[in-house]
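Undergrad: If you're matching positions, the sequence shown starts at 343 in our numbering and goes up one per residue.
Every residue gets a Cβ at the ideal spot worked out from N, C-alpha and C, and that includes glycine.
Handing you a structure now.
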Amino acid sequence: MKDSLCAQCGGRLQRKKTSLDRLVEGHLYLFEDVSVRACSQCGEIWIPGSLAERMDQAIQGKLKPKKRIPVPVY
């Protein structure tokens, strides 16, 4: 991403690694150590397109997970 300003609030975008989760049709997917751009002002997260595509492939079952963890549901 070339722009270094947040499209939501105009704050500065900074590169960072984080964990992201997605709940799709009752299944929880956890993506660890994801390189994103995060706004230092509002916290908005920007995921690069190629990474978003890879996450979609994982959710569709086209990629093998590194590990599986049990998640308690209340």
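#1: If you draw a straight line from the C-alpha of Met343 to the C-alpha of Cys381, how long is it?
#2: Give every residue of the same chain whose Cβ lies closer than 7 angstroms to the Cβ of Leu370, excluding the five residues on either side of it in the sequence, and list them in chain order.
#3: I need the DSSP call for Ser392, collapsed to helix, strand or coil.
#4: Tell me Ala380's beta-bridge partners as DSSP assigns them.
#5: Is it buried or exposed for Leu355, if we count other Cβ within 10 angstroms and need 16 for buried?
TA: In short:
#1: For Met343, the predicted model reports a pLDDT of 45, less than 50, meaning its position is unreliable and no value from the coordinates is stated.
#2: Close CB contacts of Leu370 within its chain, under the 7 angstroms cut and outside five residues either way in sequence, are with Asp363 and Val413 (chain order).
#3: Helix.
#4: Gln356 and Ile387.
#5: That one is buried.
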